[in-house]
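Here the structure comes first, spelled out in structure tokens, and everything after it is commentary.
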Amino acid sequence: MTDASQSGAHHRGSLLTVDARTRKRNAAEARFRYYGMAAILTGVAFLVVLAVSIVRSGLPAFTTMAVEVEFTLTAEQYADAEGQLFKTRAYEGYFNAAFEQQLQDRNVQAGFDPEAVNRIIGNTGATLRSFFLENEDLLGQPVTFNLPTSSRIDGYFKGRLLRENVTDSRFLEVSDLDLADELAEAGIIQSKFNWTFITGKDSGVDNPGGAGIGASVIGSFFMMLVVLFLSLPIGVAASIYLEEFAPKNRITDLIEVNISNLAAVPSIVFGILGLAVFIQFAHLPQSAPLVGGLVLTLMTLPTIIISTRASLKSVPPSIRDAALGVGASKMQAVFHHVLPLAMPGILTGTIIGLAQALGETAPLLLIGMVGFVAREYPDGLISGFMDPNSAMPAQIYTWAARSDGAFYEKAWGGIIILLVFLLAMNIIAILLRRRFERRW
Amino acid sequence: MSKLTFTTSAVAILALSAGAAVARDNVQIAGSSTVLPYASIVAEVFGDNTDFPTPVVESGGSSSGLARFCEGVGTNTIDIANASRAIREREIAVCAENGVTDIIEVRIGYDGIVFASQINGPEFTAFSQSDIFLALADKVVVDGAIVDNRPATWADVNPDLPAVAIAAFIPGTKHGTREVFEEKVLLQGCEDTGQMAAMMEAGMSEDDAEGACMAVRTDGASVDIDGDYTETLARIDSNPNGLGVFGLSFYENNTDKLKVATMGGVAPSTATIASGEYPVSRPLFFYVKKAHIGVIPGLKEYAQFFMDDQIAGAGGPLANYGLVPDPALAETQAAIANETVMGGGM
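First to last, the protein sequences are chains A and B.
So in the UniProt record's numbering, spot 389 of the first sequence is number 389, and the numbers just go up one at a time.
So in the UniProt record's numbering, spot 154 of the second sequence is number 154, and the numbers just go up one at a time.
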């Protein structure tokens, strides 16, 4: 008893003595676990930094500092503006004059001159013109407008531009900020949700307040339609043939190797191909989502073929054997039994391929979808495919390259919208897999 | 049955695309990234003020724009090439080979090229072309022998400049800005320092000496930027000693981040560029394919709209963004109205 209790104190209830080698192996295992945790933590840290910086830089794009002004355009002013070459500037002139008058009536404390009004209010002519063209009956009546302020005033309220960094220039003078502060206090300049950013189209470099990502979302949508309706049938047909029917010989081996290689080809190569084949040879229009979709189809096909073949392979051979055993033809076995079981995997692969295609800019560079493409919303299916349009990543890229800081902010905002779409697609893929996947 | 549907739909798609290829209704433009901001301003206003659809303006650099312009005539080629330099003889020859013979040249105005550094960076406030040449040239003549030029700091070049490492970010060779930089800064500096004459004395022909003057050192002190000015800005942001080459309008949009240097004692501004006092400026152009006028709706109207006094003149949106208006605007307007092509023909 005394022996046992003594040795028990020594061994802590176990007869096993941990020798030096075991201790070393245990220590190695513990170290490895810490390495793994460190790796995961590093990854998570990068992800957090990325997400925080995207959200922090991008959120301001969803609000805009707007001026709320009541404005009356007389029928004579309307006729005069419509008679000019630079109509939108005439509208802007009338509006700014009316705003200046209102400021004088209010007795604002900060001194200002007519030019200050021009510097505070952004480009408004296009909004005003399209409003009065559609509502000619409102001529001569007071209408309340919410119009964007200029990019620098917008930046001042959002903290992008600091007062101490402002030097007087033709874009902004320090005294303008006093006026802007006073207007903000009086509630004339307010922060509003920026619907233009969600629904609008691209705008010229001097008009960041009028820029929106909506038109390019439509462009991306039509491209994804093309990709889906071409790459899914072609990809599935190719993989079913290769997996179930094709003889195993050198030619099919060669095809398989090439498909795997195509999946690793840089996407710009598909853009060059698209330019040569679809635009220069087939004379399809430039900057059209149809061509963009065709190029992205080429890029997505290998991804879809590889994932489809993997999910066909994962259907157990016993299912094929059983179908063939009860007298089904090979085609019946494939279409009635194998394909339905492989469908969740195929759809997941397709959605992930689409998500990849949605984020591609490089193939679109050469077919004219990257640049200043500010078209109205398409008025039908054909114009949706054929009329020039941009795509979300192309729009983001274009904004990021502009000199005005307001566009940089919009580029980050565009990234948020693109990420929302990508996230939604990935969630659909996960749900499909959860819902329909079978394990054997 | 399904084969039949597939064939008919394929035929339908082809017919549709053939129809669309003929019926392009928008002006298609590509070229210089320096002209792009101005072109995008005009394109937006043109779409807002006329019944024509907004033109599509692509970027990519003067050379690639002109190369696409010269690919041929037809709706699958671009109608207008933007360029930050004049079209070259060689490019006109390529154009002619491909059937693009009638080109209307439109000079839209002038743009200044400025040297700017980080706002908190060292005191780079005064340069001459000679300083830039001596800092960035690949080879110089010392005592009659041609040697590699490798000064490490700006003070090595000119004792008045701060003693910080030379790190210049200059436009890459596909940009039209590079050509202006080479001719108006490097070549000028080469002549001012007497290096050009020294090179010719050392046995170089005039052409070779010019080439040597414009060659930039390749040891990393000077970095070619192939992207846009935003890339140059990002490099300057991360390198306090960096000196970047920008367009005047880009600098004016980023005065809170950048500090501009004078050239030969003159500060860049639209006024000093218009008067010619600031030496490093260049005209900007766009080139119109005459064969497309009447085929592409709105092409001539776009060119006329662009060059109208209210747009390209003083007080217009382009001048407000930083373009220096062309004093000879009226001549350009007349040339567009008469569709006067390059080389004197009509």
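Backbone N, C-alpha and C define an ideal beta-carbon position, used for all residues, glycine too.
Check                                                                                                                                   : Outcome
Inter-stretch contact at 8 Å, needing at least 3 Cβ pairs: the stretch 311 to 330 of chain A / the stretch 205 to 213 of chain A        : no
Distance, GLY99 of chain B Cα to PRO159 of chain B Cα                                                                                   : 55 Å
Where the stretch 32 to 49 of chain B meets chain A: residues whose CB sits under 9 Å from a CB there                                   : SER33, LEU36, PRO37, TYR38, ALA39, SER40, ILE41, VAL42, ALA43, GLU44, VAL45, GLY47, ASP48 and ASN49
Bounding residues of the alpha helix (DSSP H) (the contiguous stretch that carries ASP274 of chain B)                                   : Strictly speaking, residue 274 of chain B in this sequence is Ala, with Asp absent from that position. Where ALA274 of chain B is concerned, the enclosing alpha helix (DSSP H) stretches over 270 to 275.
Cross-chain neighbours of PHE250 of chain B in chain A, by beta carbon under 9 Å                                                        : SER403
Cutoff 8 Å: VAL288 of chain B Cβ touching any chain A Cβ                                                                                : no
Nearest-angstrom Cβ-Cβ length linking LEU354 of chain A and ALA391 of chain A, presumed shorter than 8 Å                                : Incorrect: roughly 13 Å between the Cβ atoms, too far for contact.
Other residues of its chain near PHE157 of chain A: CB distance less than 6 Å, five sequence neighbours each side excluded              : MET65
For residue 504 of chain A, the three-state DSSP class (helix, strand or coil)                                                          : Nothing about residue 504 of chain A can be reported from this structure: the residues present for chain A run from 1 to 440 only.
Sequence-distant residues of the same chain with beta carbon closer than 8 Å to ILE268 of chain A, five excluded per side               : ALA362, PRO363, LEU365 and LEU366
Length-filtered (4 minimum) alpha helix (DSSP H) runs lying within the stretch 288 to 355 of chain A                                    : 289 to 313 and 317 to 325
Residues sharing a beta bridge with GLN28 of chain B, DSSP                                                                              : B:VAL56
Inter-residue CB distance, LYS289 of chain B and VAL73 of chain B (contact presumed, cutoff 8 Å)                                        : 7 Å
Rounded separation between THR300 of chain A and GLU360 of chain A - CA only                                                            : 11 Å
Top-ranked residue by Cα proximity to ARG282 of chain B, from B:ALA83, B:GLY31, B:GLY112 and B:ILE103                                   : B:GLY112
Beta-carbon contacts of GLU206 of chain B that lie in its chain and below 7 Å, excluding the five residues immediately before and after : MET200
Contact residues within the stretch 301 to 312 of chain B, judged by C-beta distance below 8 Å to chain A                               : PHE305, ASP308, GLN310 and ILE311
ASN338 of chain B at chain A interface by Cβ criterion, 8 Å                                                                             : no
6 Å Cβ shell around ALA288 of chain A - same chain, five flanking residues per side excluded                                            : MET386
Assigned exposure category for ALA330 of chain B - 16 Cβ within 10 Å defines buried                                                     : exposed
Straight-line Cα distance separating SER169 of chain A from THR199 of chain A                                                           : 32 Å
VAL334 of chain A versus GLU244 of chain A - alpha carbon distance                                                                      : 8 Å
Assigned secondary structure, ALA335 of chain B (DSSP; H/G/I helix, E/B strand, else coil)                                              : helix
Beta-carbon proximity check, ALA83 of chain B vs PHE246 of chain B, cutoff 8 Å                                                          : no
Per-residue DSSP class, three states only, for ALA21 of chain B                                                                         : Because the pLDDT of ALA21 of chain B is 46, which lies under 50, any placement of that residue in the model is unreliable, and the question is left without a value.
Proximity below 8 Å, CB of residue 441 of chain A to CB of GLY140 of chain A                                                            : An answer regarding residue 441 of chain A cannot be provided, because it is not within the stretch 1 to 440 covered by chain A.
Counted within 10 angstroms of its Cβ, other Cβ atoms place LEU423 of chain A as buried (16 or more) or exposed                         : exposed
Which residues DSSP lists as bridging MET65 of chain A, in chain order                                                                  : A:SER191
Whole-angstrom C-beta distance between GLY414 of chain A and GLN395 of chain A, which should lie under 8 Å                              : 6 Å
Environment of ARG53 of chain A [buried if 16+ CB atoms lie within 10 Å]                                                                : Per the sequence presented here, residue 53 of chain A reads as Ser, with Arg not at that position. Looking at its Cβ environment, which holds fewer than 16 other Cβ atoms inside 10 Å, SER53 of chain A is exposed.
Distance CB(THR297 of chain A)-CB(VAL370 of chain A) smaller than 8 Å                                                                   : no
Residues that GLY125 of chain A contacts on chain B, provided the C-beta gap is smaller than 9 Å                                        : VAL45, ASP48 and ASN49
Backbone CA spacing between ILE153 of chain A and VAL56 of chain B [nearest angstrom]                                                   : 29 Å
Residue from B:SER62, B:ILE296, B:ASP51 and B:PHE52 with nearest C-alpha to ALA30 of chain B                                            : B:SER62
Neighbour flag for ASN76 of chain B against chain A, beta carbons, 8 Å                                                                  : yes
Three-state secondary structure (DSSP) of GLY125 of chain A                                                                             : helix
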